[in-house]
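**Q**
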Amino acid sequence: EPGDIPTPLMGEYYRQRASSGLIISEATQISAQAKGYAGAPGLHSPEQIAAWKKITAGVHAENGRIAVQLWHTGRISHSSIQPGGAAPVAPSAISAGTRTSLRDENGHAIRVDTSMPRALETAEIPGIVDDFRQAVGNARDAGFDLVELHSAHGYLLHQFL
Numbered sequence: 001e002p003g004d005i006p007t008p009l010m011g012e013y014y015r016q017r018a019s020s021g022l023i024i025s026e027a028t029q030i031s032a033q034a035k036g037y038a039g040a041p042g043l044h045s046p047e048q049i050a051a052w053k054k055i056t057a058g059v060h061a062e063n064g065r066i067a068v069q070l071w072h073t074g075r076i077s078h079s080s081i082q083p084g085g086a087a088p089v090a091p092s093a094i095s096a097g098t099r100t101s102l103r104d105e106n107g108h109a110i111r112v113d114t115s116m117p118r119a120l121e122t123a124e125i126p127g128i129v130d131d132f133r134q135a136v137g138n139a140r141d142a143g144f145d146l147v148e149l150h151s152a153h154g155y156l157l158h159q160f161l
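Numbering follows UniProt numbering, with no gaps: position 61 of the sequence shown is 61.
1) Spatial neighbours of residue 17 within its chain, please: CB distance less than 7 Å, with the 5 preceding and 5 following residues excluded, ordered by chain position.
2) CB-CB under 6 Å to residue 95, same chain, minus the five flanking residues each way: which ones, in chain order?
3) On the premise that residue 86 lies in contact with residue 79, defined as a C-beta separation below 8 Å, what is that separation, rounded to the nearest angstrom?
4) So the candidates are 119, 156 and 5; which of them puts its Cα closest to the Cα of residue 50?
5) Alpha carbons only, please: which of 138, 144, 147 and 118 is nearest the one belonging to residue 156?
6) Please report the straight-line C-alpha distance between residue 102 and residue 111, rounded to a whole angstrom.
7) Helix, strand or coil: which one does DSSP assign to residue 67?
8) Would you call the region 126-140 in contact with the region 58-66, where contact means no fewer than 3 C-beta pairs closer than 8 Å?
9) Around the Cβ of residue 107, are there at least 16 other Cβ atoms within 10 angstroms (buried) or fewer (exposed)?
10) Buried or exposed for residue 15, going by 16 or more other Cβ atoms inside 10 Å?
11) State the Cα-Cα distance for the pair residue 146 and residue 113, rounded to the nearest angstrom.
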């Protein structure tokens, strides 16, 4: 979806599962810089928050609870989906040595090698912390019941370990 806005199909998917217990969303980017995969939803724009609000309302209407999983993909990204075509960021300028999913000119999913990241400057880290903090506030505004920080599987928080 353009703008990384959650879709009505996602809302239906989560609503259908609301009676099963706690739902944890798919990984959701905290900022435009946090994007690592084409098609992954965000929680950093007013349009994204509004779309998630519809989804959480649908889950709550079925007496379910839903958590959002927040992430920053760090070096597991590609410069073509980074703001301004910039290199992805990471604790060090070390390649992830893996692939990510993008879309071709026809909108079809394709797998490509991740781009070489640039090392974060120490002064940039508080900004990423603020992005996580803002995303937690956005999650509250969108009606999520819980927040999970995705800090595994080689994404940014895990890259610091």
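Note that CB positions come from ideal geometry on N, CA and C, so glycine has one too.
All figures in this text were calculated on a predicted structure; none of them were measured in a lab.
**A** Working from what's here:
1) 23
2) 116
3) 6 Å
4) 5
5) 118
6) 6 Å
7) strand
8) no
9) exposed
10) buried
11) 33 Å
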